[in-house]
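This report refers to the structure that appears directly beneath it.
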Amino acid sequence: MFYIAGTGSALPEKVVSNDDLAQFLDTSDEWIYTRTGIHRRHVLTHERLDDLAILSAKRALEDAHTEGKDVDLILCATMRGDTYTPSLACTVAEAIGSHAPAFDLNAACVGVLYAMEIADSFIGTGKANTVLIVSAEAMSKLVDWTDRSTCVLFGDGSGAMVVKRGEGRLAGVLTSDPDTKSIRMPNIEGMNSPYNQIGQEKLAMYMDGGEVYKFAVNAMGHRIEEVCARANLSPADIDWYLPHQANVRIITASLKKYKIDKDKVLLNISECGNMSATSVMVLLDEYAKKGTFKKGDKLLFVAFGGGLTSGAVIINWNKE
Ligand code: ACO
């Protein structure tokens with residue numbers, strides 16, 4: 004029911020290389036790159052996540068030749084905005100001069116795919132014609148910088164897309180395989196409630212890398228098969244794969260059995276690390292701006308993340 008009318012992205016200025024990390028962690032460029040495919044990532048310093056989200060949203064609107072007042076719904080995929088309330092979506096709404104309904108959603112790294120499916124439902128039921136989807140993640144503020152097995156994997160950033168009523172989306176599939184332990188980032192238990200009896204869990208992202216790895220390879224493979232079946236396509240019919248950028252080894256393993264030409268699989272993990280929900284957005288914007296996609300190309304987004312969630316969406320690239 005929708006096509007992608009415009010894209011945008013914004014990354015923090017500061018770039019941190021693997022060698023920079025090795026100055027304060029027991030790690031190396033060789034370990035990180037060979038295990039994950041990551042060389043460097045962008046990290047927030049003086050910028051707020053709000054600033055990045057607003058910038059990427061404005062860039063997507065400009066690219067779609069659309070004004071803020073013409074947006075009917077704003078969805079922000081994030082695990083944690085700068086404020087619990089207002090939502091990041093409302094912060095963006097204020098900045099672009101919109102009074103549309105606006106809310107955040109958290110499906111971890113799959114958030115943008117969930118947002119695309121919500122946008123499709125709003126458009127399909129006549130509640131919206133134009134939806135602004137933003138994602139922004141401050142992973143550097145969620146990880147424990149003394150835990151070398153997680154902090155080296157992530158980066159910060161924001162991306163956005165404007166979707167409009169029309170021919171484009173071919174199929175989507177979303178799932179959860181609930182597992183509350185393998186990836187966990189606790190919230191603040193309470194400020195100073197005299198009634199609270201629950202202790203504070205460690206405020207840092209915990210991840211069982213091995214378990215997540217196994218889940219990810221299976222989930223990405225299954226979602227690709229399911230979404231292709233729903234679209235009446237085979238994996239070979241897809242022109243471009245935009246997988247969640249968590250680990251090159253996961254991407255390669257999950258696509259292996261389909262014998263996909265590796266030139267069809269888009270990557271930017273070496274420069275950005277894992278930006279959670281934002282990864283596929285920044286990837287999309289980067290390759291759209293390079294002119295990689297031609298009208299009618301079939302793009303397959305596939306992702307997995309905390310929850311555990313996973314999903315895939317196929318879109319015909321029909322941007323004017
Ligand atoms: N530098 C050097 N050594 C390290 C580092 C590091 N940064 N991190 C861990 N090690 C050590 C470990 O301590 C371990 O040492 P030991 O054998 O002495 O115990 C050794 O390296 C091997 O560790 P493994 O965990 O076996 O390494 P593996 O090859 O499995 O790779 C990795 C680890 C990269 C985390 C992998 O499991 C992975 O990518 N998992 C999936 C993670 C993921 O995709 N997360 C994204 C979902 S969450 C989200 O997106 C919000």
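For the record, in the sequence shown the residue sitting at position 242 is 245 according to this note's numbering, with numbers rising by one throughout. Just so you know, even glycine gets a beta-carbon here, dropped at the ideal spot from N, CA and C.
In the three-state reduction of the DSSP assignment, Ile35 falls in the helix class, which pools H, G and I. Boundaries of the beta strand (DSSP E) harbouring Cys79: 76-80, taken from the DSSP string. Check the Cα spacing between Ala174 and each of Trp34, Cys231, Ala239: the tightest is with Cys231. The ligand ACO never approaches Cys93 closely enough for any of its heavy atoms to be under 7 Å from the residue's Cβ. Looking at the DSSP output, Ser90 bridges to nothing. In this structure, the beta-carbon distance from Ala103 to Asp75 falls below 8 Å.
The beta carbon of Gly171 sits closer than 6 Å to the beta carbons of Phe5, Tyr6, Ile318, Asn319, Asn321 from its chain, once the five residues preceding and following it are set aside; these are given in chain order. Ranked by Cα distance from Cys79, the first of His225, Leu24, Leu245, Ser161 is Ser161. A buried status is given to Tyr117, since no fewer than 16 other beta-carbon atoms sit within 10 Å of its beta-carbon. His247 sits close to Val283, with the two beta carbons spaced by under 8 Å. Annotation: the continuous beta strand (DSSP E) that includes Gly314 extends over 310-319. Around Thr295, the same chain offers no residue with a beta carbon nearer than 6 Å, after the five sequence neighbours per side are excluded. Note: Arg43 is bridge-paired with Ser20 in the DSSP secondary-structure output. Ranked by Cα distance from Met278, the options Gly158, Leu47, Val166 are led by Gly158. Out of Val18, Arg252, Val95, Asp23, the CA that lies nearest to the CA of Ala63 is found in Val95.
Sorting Met164, Val155, Arg38, Gly84 by C-alpha distance to the C-alpha of Asp66 places Met164 at the top.
The beta-carbon distance between Val137 and Ser12, rounded to whole angstroms, is 10 Å. This is too long to meet the 8 Å contact definition.
Comparing alpha-carbon positions, the option among Val176, Ser179, Ser237, Asp288 lying closest to Ile263 turns out to be Ser237.
Annotation: Phe304 to Ala315 spans about 5 Å, alpha carbon to alpha carbon. Among the bridge pairs identified by DSSP, Lys301 is matched with Asn319.
Scanning Gly309, Ala280, Pro197 for the CA closest to the CA of Phe218 turns up Gly309. For the pair His42 and Lys17, the CB atoms are not nearer than the 8 Å cut-off.
Arg151 has its CB nearer than 7 Å to a heavy atom of the ligand ACO. Its chain contains Asn199 as the residues whose beta carbon lies nearer than 7 Å to that of Gly193, once the 5 sequence neighbours on both sides are disregarded; these appear in chain order. Within the model, the alpha-carbon separation for Asp22 versus Thr86 is close to 32 Å.
Contact annotation: the region 206-221 touches the region 251-261, with at least three C-beta pairs closer than 8 Å.
Under the DSSP assignment, Phe125 falls in the alpha helix (DSSP H) whose first and last residues are 114-127. In this structure Ala280 is in contact with Val115, their Cβ atoms being roughly 5 Å apart against a cut-off of 8 Å.
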